[in-house]
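Undergrad: For the sequence shown, this note's numbering begins at 1 and goes up steadily by one.
The C-beta atom is built at its ideal place from N, Cα and C for all residues, glycine as well.
Provided herewith is a single structure, encoded as structure tokens, for subsequent inquiry.
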Amino acid sequence: MTPRAFLNVDLSLTNRRWIGPAPQTARLAEAMMQICHLPMAVCQTLVARNVTPDAALAYLIPSLRDLMPDPRHLRDMEPAATRLLHGLNTGQRLAIFADYDVDGGASAALLITWARHFGVTPTLYIPDRIDEGYGPNIPAMRDLGARHDLILCVDCGTISHDAIAAAGCDVIVLDHHLATDTLPGALVVNPNRQDEDGSLGHLCAAAVVFLFLVEVNRQLRVAGQTGPDLMALLDLVALATVADVAPLIGINRAFVRQGLRVMARRDRPGLRALSDIAKLDQAPTAYALGFVLGPRINAGGRIGQADLGARLLATDNLLEATSLAERLNHLNTERREIEAAVRAEALAQVDARLASGAEQGALVWAAGDGWHPGVVGIV
């Protein structure tokens, strides 16, 4: 039986047949409309996104109060927080090894901003994308380990067994990448460890770091001490969540909703300066995070200096923030030009192969000498 046309329209402008919701989808949407008192069009959209009636309101109006998980649900969370506080209270030397993308930079900025409350400035190390590649490497970790008592690896480190062993000091990994059967010799907080239940597997690294700081602050309160206001850090979590393309479900929706509110206050010098240079003159949106601010912050790691984005997000000095934002904006313009040139060459190769009939399989490839490694992945 041919499905009936949707809205009495047989074909779209591109000659595709429009088909309405399946009967099961329609029934679920009607149930949601009765339970939640929402318009049918909204209910149909939510059902299409696999949102159940009992979760609809939390999806539309996500709140930290309702969705915030207990950080101690994650393995190694408590001992990792205890280890950081021990280092802080005994004056140990701290270092942060972070990935070079927005998630890594935001994760590092979260820790640096938190530590600044106690008068501590951790050493920041971000590897060069081209010279060092992704994640901890043996020379860098060995050097950091010789000069520090504790290294925190953020948005990386879960599979860096040899590099972490080479550090020769305690290491905490705060990550979200998939783990293998074995973990390195460190405290590894990662919702995608194989011995986790996967319920928080949608978190980006900055969200994992935020939960880590929630647990650290909890332990501070137990000890009669006060930690920094973590709600003021949610702009960084929102930025990383969107820029890292983490699914906007569960607690991620609450992080982004509240983080956008924090960002609208323009309290963070780096995001304020970058927003001004990017001519964002309205309240921030998820689109602005993903397509305006995110690419500019990423530009440093792609074709420039790897630590520029993290430094921008961590600085509390508006003059420094403005200088860093201008540099990142310039690098992003350069990145666009490089990317456009590589894309044009790649498409020309593909068109030529298809026209010649040489390509018969499902995969069409392109390659070129001198293509910048920092943009090949996005082309």
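(1) For Ile338, does the three-state DSSP call read helix, strand or coil?
(2) With a CB to CB cut of under 6 Å and the five nearest residues on each side skipped, what residues in its chain are close to Thr180?
(3) From Leu203, Gly300 and Ile249, pick the residue whose C-alpha is nearest to that of Val51; which is it?
(4) Would Asn190 be called buried (16 or more neighbouring beta carbons within 10 Å of its own) or exposed?
(5) Straight-line CA distance for Ala286 to Leu234?
(6) For a test of the three-state rule: what should DSSP assign to Ile138, helix, strand or coil?
(7) What are the boundary residues of the beta strand (DSSP E) that Tyr59 is part of?
(8) Helix, strand or coil, according to DSSP, for Ala22 in the structure here?
(9) What is the rounded straight-line gap between the Cα of Arg253 and the Cα of Ala367?
(10) For the alpha helix (DSSP H) containing Val237, name the first residue and the last one.
(11) For the alpha helix (DSSP H) that Asp103 lies in, which residues bound it at each end?
(12) Spell out a yes or no on whether the segment 165-180 and the segment 204-212 are touching, meaning 3 or more CB-CB pairs, one atom from each, closer than 8 Å.
(13) Rounded to whole angstroms, how far is the Cβ of Cys156 from the Cβ of Gly104, which I believe are closer than 8 Å?
(14) Starting from the C-beta of His202, find all residues in its chain whose C-beta is less than 7 Å away, skip the five residues before and the five after it, and write them out in chain order.
(15) Are the beta-carbon atoms belonging to Ala163 and Ile130 less than 8 Å from one another?
(16) Where do the N-terminal and C-terminal ends of the beta strand (DSSP E) with Phe212 fall, by residue?
(17) Measure the C-alpha to C-alpha separation of Gly309 and Leu289 and round it to an integer number of angstroms.
(18) Can you give me the start and stop residues for the beta strand (DSSP E) that Cys43 sits inside?
(19) Could you pull out every residue in the same chain whose Cβ sits closer than 6 Å to the Cβ of Tyr100, ignoring the five residues on either side in sequence?
(20) For the alpha helix (DSSP H) containing Thr82, list its first residue and its last residue.
(21) Assign Glu339 to one of two classes, buried (16 or more other C-beta atoms within 10 Å of its C-beta) or exposed (fewer than that).
(22) Is Arg272 close to the ligand NAP? I mean its beta-carbon at under 7 Å from any heavy atom of the ligand.
TA: Taking the definition as stated:
(1) helix
(2) Ile159
(3) Ile249
(4) buried
(5) 13 Å
(6) helix
(7) Per DSSP, Tyr59 belongs to no beta strand (DSSP E); it is in the alpha helix (DSSP H), Ala56 to Leu60.
(8) coil
(9) 39 Å
(10) Leu234 to Ala243
(11) Val102 to Arg116
(12) yes
(13) 7 Å
(14) Ala246, Pro247, Ile249, Gly250 and Asn252
(15) no
(16) Taken as a continuous stretch (DSSP letters only), Phe212 belongs to no beta strand (DSSP E), being part of the alpha helix (DSSP H) at Ala205 to Val222.
(17) 14 Å
(18) Run containing Cys43: none in the beta strand (DSSP E); it sits in the alpha helix (DSSP H), Met40 to Ala48.
(19) Ile126, Arg129, Gly301 and Ala306
(20) Met77 to Asn89
(21) buried
(22) No copy of the ligand NAP occurs in the structure displayed, which carries no ligand at all.
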